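Reviewing the structure listed below.
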Amino acid sequence: MVDGLRRALGFLTVYPLRASDAWTPETLGSSMVYYPLVGTFIGLTLWGLAVLLGVLFPPSIVSALLLVGSLLVTGDCIWTDWQTSSMA
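As structure tokens, then:
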């Protein structure tokens, strides 16, 4: 259980995995169960950050800071829906 959660965190965030961790079909399957949980945690963390920053800064600054926060947590820009939906 804990190994699957740790692997899901390592896959979806910049949380480092041990070098000895090898991905097999079994470990991938056990970590996929936790992807929604990790995604919810990331989303709630960014939402809380938005609420706190919204008190201090205007919306444009909050948006930029949330993008930076998302990049720091995940290591990648995951807000690409607008690109794929405009291609249809």
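The sequence shown runs 1341 to 1428 under this note's numbering. For every residue, glycine included, the Cβ atom is placed at its ideal position computed from N, Cα and C. In this text the structure is predicted, and so the values were computed from the model without any measurement.
Extent of the continuous alpha helix (DSSP H) to which residue i belongs
i, result
"G1415", "First-last for G1415: undefined, no H or E at that position."
"P1376", "Y1375 to L1396"
Under the three-state DSSP convention, the category residue i falls into
i, result
"V1354", "coil"
"W1363", "coil"
"M1372", "helix"
8 Å Cβ cutoff, residue i in contact with chain D
i, result
"M1372", "Among the chains in the structure shown there is no chain D, since it carries only a single protein chain."
Supposed close pair residue i, residue j - CB separation, criterion 8 Å
i, j, result
"L1329", "L1393", "In this structure the chain extends from 1341 to 1428, so residue 1329 is not present and cannot be described."
"V1373", "L1352", "Not confirmed; about 13 Å, so no contact."
"V1354", "G1409", "With 8 Å as the limit, V1354 and G1409 do not qualify as a contact, their Cβ atoms being about 12 Å apart."
"S1371", "G1388", "Incorrect: roughly 25 Å between the Cβ atoms, too far for contact."
Any non-hydrogen atom of the ligand GTP within 7 Å of residue i CB
i, result
"L1393", "The ligand GTP is absent from the structure shown, which contains no ligand whatsoever."
With 16 other Cβ atoms within 10 Å as the buried cut-off, status of residue i
i, result
"L1349", "buried"
"S1400", "exposed"
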